[in-house]
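Student:
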Amino acid sequence: MKVFVTDGAQNHALAVARSLGAKGVEVVVGESSVLSKGGFSRYCRQRRVYPSPAESVGGFLSWMVEEMKKGEYDFLLPMTEGCLLPISANRDRFLPYVRLPLPSHEAIFQACNKADTLALAQQEGVPIPQTWFVEELTELPALAKTIPYPVVIKPKWSSFWKGDRMMSGGGAAYAFGPEELVEKFRRVHQEIPFPLIQSFVPGRGYGLYALFEEGRPRVLFAHERLRDVRPTGSGSALRRSIPPDPLLTKHAVSLLKALKWHGVAMVEFKWERERSEPVLMEINGRFWNSLPLAIAAGVDFPWLLLQMAQGKPFDDFPAYQTDLLCRWFLGDCRHLFSVLRGAPPGWPVPFPGRGKTLLDFLKSHRRGIVSDTFRWEDPMPGLIEWLYFAFTKAPGYFRSSKRRLAKHAEPV
């Protein structure tokens, strides 16, 4: 069996390559950069560099179709929305040459569009944050004076197809008053039109991972976030496996059933357990960054997906190890650095303490914690990700930190 995995710089692409390669699958990993940690894994047979869909969707699609045509692949696995949406929308160009274990394009579109996801959640009775939709910029100043703060400004798309480019939605922005809301909303709107405005939801992050076959759940797995890369909200740096909570399961399964989902997905929630029900954040309609935890705990989603796609039998709802910790070391370093910088002005909930965070960071080196990226038997991906971060992320990351520190140093 031969499989092409996109977005090799992502943690979940590396996890897929390791999972399938260890079982004898011929794995080819593609990325728009040569610094692809998945491509440097010992479990990757070949690396490919393709045109970035962020620069030219047409160039990316033409290259990818030609690669599928000549490469004799069995499966193509897109790892991010930036690749998933163009491939899904053009699946007729791919299907003569390769199989796509994906749900319908309509289901993918609804899962990727956060406004559509919220509408579906309301139909299914799944709790969502209080949300305000702005359809004309002229409405914004008046609205900004009437809503409670703080609020979250969230792009409707993680990746937005604009002309011939896939635009990154970036992360959420926070506003603590009317003027800040108007300014930040306009900034986000310039990249991806009319973002959502949502009430701030306190609580810890939870994820319900799933494999569905034609609208029927076959595999479920759950995790609890212990530390996020950014304490204000982002992907997880440290997480643990937990049994599927009945409420999380009920809400996630109802959403995916309504979508007639087929394939893998992860449904994210925020939850203050002692005060409320879980509140829906988003649906990831593809593999997710915390995938290494599930595989280490005994639920090999990539392998099970391909087994299902080939019509091969496997046991539904496999048992897995709970209370297993999985850590992304680079992400945890960024978490520590964010905490040391301090909370943003006006942050509405308790912010992690510097001393405790440093102590917890040091404790996380103990045995028994699985690493997302570094493995002694497969060390190159862990080294490559630091090079990738140094060349592509660190300059802007530290520039923004310097600006923020300078702002805090200004005399009052």
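Residue numbers (the working numbering): 1064 to 1475. Ideal Cβ placement from N, Cα and C applies to all residues, glycine included.
Determine the direct distance from the alpha carbon of His1286 to that of Phe1437, and round the result to whole angstroms.
Tutor: Here residue 1437 is taken as the residue at index 374 of the sequence shown, counted from 1. Here residue 1286 is taken as the residue at index 223 of the sequence shown, counted from 1. Looking at the two C-alpha atoms, the distance is approximately 20 Å.
Student: Assuming Arg1267 contacts Trp1334 (C-beta within less than 8 Å), just tell me the rounded distance between them.
Tutor: Position 204 of the sequence shown, counting from 1, holds the residue named residue 1267. Position 271 of the sequence shown, counting from 1, holds the residue named residue 1334. Contact holds; Cβ gap of about 6 Å.
Student: Let's see if you can read the secondary structure: which residues bound the alpha helix (DSSP H) around Ile1150?
Tutor: The sequence position of residue 1150 within the sequence shown is 87, counting from 1. Segment Glu1144 to Ala1152, the alpha helix (DSSP H) holding Ile1150.
Student: Helix, strand or coil for His1471? Go by DSSP, reduced to three states.
Tutor: Position 408 of the sequence shown, counted from the first residue, corresponds to residue 1471. Confidence at His1471 is low in this model, with a pLDDT of 32, below 50, so its placement is unreliable and no value can be given for it.
Student: Tell me whether Lys1100 is buried or exposed, calling it buried when 16 or more other Cβ atoms sit within 10 Å of its Cβ.
Tutor: To locate residue 1100, count along the sequence shown from 1; it is residue 37. Lys1100 counts as buried, since no fewer than 16 other beta carbons sit within 10 angstroms of its beta carbon.
Student: Look at the alpha carbon of Met1064 and the alpha carbon of Tyr1136, and state the distance between them as a whole number of angstroms.
Tutor: As a working note, residue 1064 is residue 1 in the sequence shown. As a working note, residue 1136 is residue 73 in the sequence shown. Each residue's Cα considered, the two are about 8 Å apart.
Student: Can you check which of these residues, Arg1288, Pro1192, Ala1182 and Val1066, is closest to Ala1321 by C-alpha distance?
Tutor: Residue mapping note: residue 1321 aligns to position 258 of the sequence shown, counting from 1. If we check each option's Cα against that of Ala1321, Ala1182 comes out closest.
Student: Using a Cβ distance threshold of 8 Å, determine whether the stretch 1066-1081 contacts the stretch 1096-1113, with at least three qualifying pairs required.
Tutor: yes
Student: Of all the alpha helix (DSSP H) runs that stay within the bounds of the stretch 1355-1434, which reach a length of 4 or more residues?
Tutor: Counting only runs of 4 or more residues that sit fully inside the stretch 1355-1434, the alpha helix (DSSP H) segments are 1364-1372, 1392-1404 and 1417-1426, in chain order.
Student: Report yes if the C-beta distance between Tyr1113 and Val1090 is below 8 Å; otherwise report no.
Tutor: Locating residue 1113 in the sequence shown gives position 50, counting from the first residue. Locating residue 1090 in the sequence shown gives position 27, counting from the first residue. In this structure, Val1090 does not lie closer than 8 Å to Tyr1113 by Cβ.
Student: Would you report the Cα separation of Leu1343 and Lys1133, rounded to the nearest angstrom?
Tutor: On the sequence shown, residue 1343 is found 280 positions in, with the first residue counted as 1. On the sequence shown, residue 1133 is found 70 positions in, with the first residue counted as 1. Cα-Cα distance, rounded: 42 Å.
Student: Could you check what DSSP says for Arg1250 in three-state terms: helix, strand or coil?
Tutor: Within the sequence shown, residue 1250 is the residue found at index 187, counting from 1. Arg1250: helix per DSSP, three-state reduction.
Student: Where does Leu1311 land, buried or exposed, given buried means 16+ other C-beta within 10 angstroms?
Tutor: In the sequence shown, the residue the question calls residue 1311 occupies position 248. Leu1311 is buried by the Cβ-count criterion.
Student: I'd like the span of the alpha helix (DSSP H) that includes Ser1082, first residue to last.
Tutor: Stepping through the sequence shown from its first residue, residue 1082 is reached at position 19. From DSSP, the alpha helix (DSSP H) with Ser1082 extends over Asn1074 to Gly1084.
Student: The alpha helix (DSSP H) that contains Leu1183, what's its start and end?
Tutor: One-based indexing of the sequence shown puts residue 1183 at position 120. For Leu1183, the enclosing alpha helix (DSSP H) covers residues Lys1177 to Glu1187.
Student: Report buried or exposed for Pro1474, applying the criterion of at least 16 other Cβ atoms within 10 angstroms of its Cβ.
Tutor: For the purposes of this step, residue 1474 is taken as residue 411 along the sequence shown, with counting starting at 1. The predicted model places Pro1474 with a pLDDT of 31, which falls under 50 and marks its position as unreliable, so this point remains unresolved.
Student: Relative to the C-alpha of Glu1283, which candidate in Ile1305, Val1264 and Cys1175 has its C-alpha closest?
Tutor: For the purposes of this step, residue 1283 is taken as the residue at position 220 of the sequence shown. Reading the sequence as shown, one finds Leu at residue 1283 and not Glu. The option with the nearest alpha carbon to Leu1283 is Ile1305.
Student: What three-state label does DSSP hand Phe1172 in the structure shown?
Tutor: Translated into positions along the sequence shown, residue 1172 becomes position 109. In the structure shown, Phe1172 sits in a helix (DSSP, three-state: H, G or I).
Student: Figure out for me which residue from Val1251, Lys1313, Thr1455 and Ala1273 has the closest Cα to the Cα of Val1215.
Tutor: Within the sequence shown, numbered from 1, the residue matching residue 1215 stands at position 152. Selected option, being the one with the closest Cα: Val1251.
Student: Spatial neighbours of Leu1318 within its chain, please: CB distance less than 7 Å, with the 5 preceding and 5 following residues excluded, ordered by chain position.
Tutor: Residue numbering aside, residue 1318 sits at position 255 when the sequence shown is read from its first letter. Taken in chain order, the residues that qualify are Leu1183, Ala1184, Glu1187, Val1189, Val1330 and Ile1346.
Student: To the nearest angstrom, how far is the alpha carbon of Phe1196 from that of Glu1202?
Tutor: As a working note, residue 1196 is residue 133 in the sequence shown. As a working note, residue 1202 is residue 139 in the sequence shown. Each residue's Cα considered, the two are about 10 Å apart.
Student: Measuring CB atoms only, is the stretch 1225-1242 touching the stretch 1164-1171, in the sense that at least three cross pairs come out at less than 8 Å?
Tutor: no
Student: Distance check for Arg1111 and Gly1226, CA to CA, integer angstroms please.
Tutor: Residue numbering aside, residue 1226 sits at position 163 when the sequence shown is read from its first letter. Residue numbering aside, residue 1111 sits at position 48 when the sequence shown is read from its first letter. Their Cα atoms are separated by approximately 25 Å.
Student: Ala1273 and Ala1315 look like a contact to me (Cβ under 8 Å); what is the Cβ gap, rounded to whole Å?
Tutor: As a working mapping, residue 1273 is identified with position 210 in the sequence shown. As a working mapping, residue 1315 is identified with position 252 in the sequence shown. Right, their Cβ atoms sit about 6 Å apart.
Student: Is the distance from the Cβ of Glu1144 to the Cβ of Ser1095 below 8 Å?
Tutor: Locating residue 1144 in the sequence shown gives position 81, counting from the first residue. Locating residue 1095 in the sequence shown gives position 32, counting from the first residue. Their beta carbons are not under 8 Å apart, which means Glu1144 does not touch Ser1095 by this criterion.
Student: Go through its chain and collect everything with a Cβ distance to Ala1382's Cβ below 8 Å, but skip five positions before and after it.
Tutor: Within the sequence shown, numbered from 1, the residue matching residue 1382 stands at position 319. Correct list, in chain order: Gly1361.
Student: On the DSSP bridge assignment, give the partners of Ile1216 in chain order.
Tutor: Within the sequence shown, numbered from 1, the residue matching residue 1216 stands at position 153. According to DSSP, Ile1216 bridges with Ala1236 and Ile1260.
Student: What are the start and end residues of each continuous alpha helix (DSSP H) run of 4 or more residues lying completely inside the stretch 1267-1330, in chain order?
Tutor: 1309-1321
Student: Less than 8 Å between the C-beta atoms of Leu1301 and Arg1390, yes or no?
Tutor: Start at 1 with the first residue of the sequence shown, and residue 1301 comes out as number 238. Start at 1 with the first residue of the sequence shown, and residue 1390 comes out as number 327. Yes, the Cβ-Cβ distance between Leu1301 and Arg1390 is below 8 Å.
Student: Excluding sequence positions up to five away, which residues of its chain have a Cβ less than 6 Å from the Cβ of His1431?
Tutor: Taking the sequence shown and counting its residues from 1, one reaches residue 1431 at position 368. Reading the sequence as shown, one finds Gly at residue 1431 and not His. Around Gly1431: no qualifying Cβ.
Student: Suppose contacts are defined by Cβ-Cβ distances below 8 Å. Is Tyr1237 in contact with Thr1194 by that definition?
Tutor: Against the sequence shown, residue 1237 aligns to sequence position 174. Against the sequence shown, residue 1194 aligns to sequence position 131. No, the pair does not count as a contact, with Cβ atoms beyond the cut-off.
Student: Put Asp1155 into one of helix, strand or coil per three-state DSSP.
Tutor: The sequence position of residue 1155 within the sequence shown is 92, counting from 1. It is helical.
Student: Less than 8 Å between the beta carbons of Met1047 and Ala1076, yes or no?
Tutor: The requested residue 1047 is not part of the displayed model; the chain covers only 1064 to 1475.
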